[in-house]
Amino acid sequence: MQNLGIQILFQGNNFLRLWVGLWVSLKLAVISMFFSICLGMLFGMVMTSTNKLVRFFCRLYLETVRIMPQLVLLFLVYFGAAKHLNVNLSGGTAAVLVFTFWGTAEMGDLVRSALESIPVHQYQSGYALGFGKIGVYRHIIIPQTIRRLLPSMMNLLTRMVKTTSLVVLIGVIEVVKVGKQIIDASRYTVPDAALWVYGVIFIMYFAVCYPFSRAAALLDKKLRD
Amino acid sequence: MNVEEILKTEQLNKSYENGLKVLNDITFSLKKGEVVVIIGPSGCGKSTFLRCLNMLEPVDSGTIRFKDRVIDRANKDVYELRQKIGMVFQSYDLFPHLTILDNILLAPVKVQKRERSEVAKEAEDLLKRVGLSDKTNVYPRQLSGGQKQRVAIVRALMMHPEILLLDEITAALDPEMVREVLQVVLELAREGMTMVIVTHEMEFARAVADRVLFMDQGVVVEEGSPEEFFNSPQTERAKQFLNMFHYEAR
Amino acid sequence: MKKGLLSALLGITMAAGLLAGCSQAKAPAGAPAQEASPSAKARSLDEIKKAGTIRIGVFSDKNPFGYVDSNGKIQGYDVYFGKRIAKDLFGSEDKVEFVYVEAASRVEYLKSAKVDVILANFTVTNERKEQVDFALPYMKVALGVVSPDKALISDVSQLKDKTLIVVKGTTAETYFSQNHPEIKLLKFDEYQEAYDALADGRGDAFSTDNTEVLAWAIQNKGFTVGIESIGNLDTIAPAVQKGNTELLEWLNGEIKSLAGEQFFHQDYKETLEPVYGDEIDPENLVVEGGQV
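Keeping their order, the protein sequence lines are chains A, B and C.
Per this note's numbering, residue 8 is the first one in the first sequence, and the count goes up by one each step.
Per this note's numbering, residue 168 is the first one in the second sequence, and the count goes up by one each step.
Per this note's numbering, residue 991 is the first one in the third sequence, and the count goes up by one each step.
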């Protein structure tokens, strides 16, 4: 009897397990993104500093993060912290730490370039109207920066969602791992399960990420008009 | 004749990092209600001078006095003083993320903490006067250059400044839009607004100015009433400069 | 080389990492203070008993040794043993927390004391013995040779001057090229390519771990594993952190005492036989009492 691959999805609670796995991925990405945005805003402002030493350390941080594979960072924080510092972090906490560490650097660089792309006249008009430095940033520069940042922020978030598939290596079971478990559990009975399971994961990713990028596009359009 | 002196500079000096002297011992005074036009070739220091008056740029030495107060850029009251000295720039410097009304209301509400409904009414009156009452809820990018500059003037006026600094506000405009902006400035002058204007529009300068300052290489070369200056300039440099605006028929 | 890089970068990363997210960095209470050492101190047998549960690292996608069934429950040969450990330690087979590990990080899980025992199809090698302590084996693997029923290879001498398919980098490749130069080898990068080649008749037989070919032959009619065990015998054993002697000795005692009831034969019947069928001899895989 021919066993159809798609049946595997409806065995037991496989389908639900996939959604739970996706929820784990999303949760990690969204929490990390939240911290990355907050810290990245500050880091981006620090990056525009004219102090050469400050700029050097910002650059060093950014380049370090870019050179180091996220996997190495995950291992360092998850296993390294336990071995060397006796800090036993859960896989989820370690993942949020690493993704925030990475996201803050990337976000900071985006914020820096957005800040630098705002003409100097915008600052001067603000000062000429009697605003102080904080007021100029709060009412004039940051609102404009956020608008410019929206597309690249969305991009970073989706990259983060995709990168969450690495966290399985520190024991966090997310959607791709659940998929592998389902495929493997039935590898003797349903050899072509992989195609179906990965296909469904693809659609699930799309179903979740598409509204995000759609919302960002709409918001961007609304802000432009 | 007892006219109040409102702004005064003494021996302002400023050099760029490369050593180029951009302001050289400028001593200047402005009376209440007076309109002073500063003209001169590009790079003569006139825009820098204007920005120093508003403390957007520091000076190397010299003092700036607003009424009886000496202005120090490092001092906190600089933010308060800037509200009394409004400024409009050459480039369209409206805030692109805010509607016209919000552009105008931002500083009065956030800086001066005035009631939004009260300032909104004032803003609408002013917009009506400059012929833009139908534009309150649109965004800057939907306006022409001339319309944007009129809004920028309204935005500066909303702070109730005692002096208005206009830095080549028509230099980036298409010729057909220059007039609509300058007309607004002429009206302000008629109403007694104290202004320091940097411009390349000679006809306008002649019409609006109480006094003309001619600057070259960081120095005030010549000073006088518009009639004196435009009809019989005293210095060779001023004559040469004015000749550039003059074309002989063949 | 890689380890040096990791240690060198650790300082920077941790400092910056903690800085970047210090709000969430909560050091768990009760982590005993101790001097810096290359590994975190594993829980002793007493500490595990006091805690009331044991943490065992298993695979979650290596059917039939450790896998998650369609109801989300962990199953398999290793898991079956893990539950028995919990039962004999605490009186209940639910007193075990299974941690899902990956092949590449099994050693790290022990070194960082995130698990007490690894039961993840962990093959005993000399290299690994330097990093972890292995208890007595509970399973053994060798190579198997699968071939078509029409021209079944049941002895290695039949392979002379014939073509044997192997996957690059496996023990099968090493074994046959060193010990049987008379056999022609056809090498592939991927298992799937190798199986396809066998099905197409590009080779006379295919060899890799016997557990792998046995399971494949069950699902593919017309093919049989004619040689179920050949080559060097590898053993599979539980592993604990290096120096965790009490726990190691307890595990050894457990494995010895389970021989009396032939526990691993029972384990085989429950978890492996459904996959391998009843035609093969369990003695080729199962080890009782640590006696290979």
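Ideal Cβ positions, reconstructed from N, Cα and C, are used throughout, including at glycine.
Rounded separation between histidine 91/A and lysine 1232/C - CA only: 16 Å
Distance CB(leucine 223/B)-CB(leucine 197/B) smaller than 8 Å: no
Residue-chain proximity (histidine 264/B, chain A), Cβ-Cβ < 8 Å: yes
Chain C contact residues for asparagine 21/A, given Cβ-Cβ distances below 7 Å: Ser1060
Classification of alanine 1019/C by the beta-carbon crowding that lies within 10 angstroms, buried from 16 upward: Since pLDDT at alanine 1019/C reaches only 38, below the 50 mark, its modelled position is unreliable, and the value read off the structure follows with that caveat. Its Cβ having fewer than 16 others within 10 Å, alanine 1019/C is exposed.
Whole-angstrom distance between glutamine 77/A and lysine 1259/C, CA atom to CA atom: 42 Å
Spatial neighbours of glutamate 177/B in its chain, beta-carbon cut-off 7 Å, leaving aside the 5 residues before and after: Thr194, Gly229, Thr230
Sufficient close CB pairs (3 or more, under 8 Å) joining the region 243-259 of chain B to the region 317-334 of chain B: yes
Under 8 Å by beta carbon: chain C residues contacting leucine 176/A: Glu1092, Ala1094, Ser1095
8 Å Cβ cutoff, serine 1034/C in contact with chain A: no
Under 9 Å (Cβ pairs) to chain B, residues found in the region 116-136 of chain A: Pro126, His128, Gln129, Gln131, Ser132, Gly133, Tyr134, Ala135, Leu136
Span of the alpha helix (DSSP H) around proline 393/B: 393-398
Neighbour-count burial assignment, phenylalanine 41/A, 16 or more Cβ in a 10 Å radius: exposed
For lysine 229/A, the three-state DSSP class (helix, strand or coil): helix
Beta carbon proximity, asparagine 1053/C to chain D, threshold 8 Å: Of the protein chains in this structure, namely A, B and C, none is chain D.
Assigned secondary structure, glutamate 343/B (DSSP; H/G/I helix, E/B strand, else coil): helix
Backbone secondary structure at phenylalanine 42/A - three-state DSSP: helix
Beta-carbon neighbours of lysine 187/A, restricted to chain C and to distances below 9 Å: Ser1050, Asp1051
Contacts of tyrosine 246/B in chain A (Cβ-Cβ under 9 Å): Tyr134, Gly137, Phe138, Gly139, Gly142
Integer Cβ distance of valine 375/B from glycine 391/B, believed to fall under 8 Å: Not quite, the Cβ-Cβ distance comes to about 15 Å (not below 8 Å), so this is no contact.
Delimiting residues of the beta strand (DSSP E) encompassing methionine 1129/C: 1129-1138
Neighbour flag for phenylalanine 64/A against chain C, beta carbons, 8 Å: no
Contacts of lysine 34/A in chain C (Cβ-Cβ under 9 Å): Within 9 Å Cβ-Cβ: nothing; lysine 34/A doesn't reach chain C, min ~13 Å.
CA-to-CA distance, aspartate 1194/C to valine 185/A, given in whole angstroms: 37 Å
Beta-carbon gap between asparagine 1111/C and phenylalanine 1049/C smaller than 8 Å: yes
Length of the line joining the Cα atoms of glutamate 1218/C and serine 1147/C: 15 Å
Residues of the region 193-216 of chain A whose Cβ lies closer than 9 Å to any Cβ of chain C, in chain order: Ser193, Arg194, Tyr195, Thr196, Pro198
Residues that glutamine 151/A contacts on chain B, provided the C-beta gap is smaller than 8 Å: Phe262, Pro263, His264
Contact check, threonine 1198/C vs threonine 1225/C, beta carbons under 8 Å: no
Against chain A: residues of the region 1197-1211 of chain C by CB proximity under 8 Å: Ala1205, Ile1208, Gln1209
Beta bridge counterpart(s) of lysine 181/B as assigned by DSSP: Leu190/B
Cβ pair alanine 36/A, threonine 171/A closer than 8 Å: yes
Contact under 8 Å by Cβ, isoleucine 1155/C with phenylalanine 1178/C: yes
Other residues of its chain near alanine 101/A: CB distance less than 7 Å, five sequence neighbours each side excluded: Leu81, Val84, Tyr85, Ile177
Beta-carbon gap between leucine 299/B and arginine 317/B smaller than 8 Å: yes
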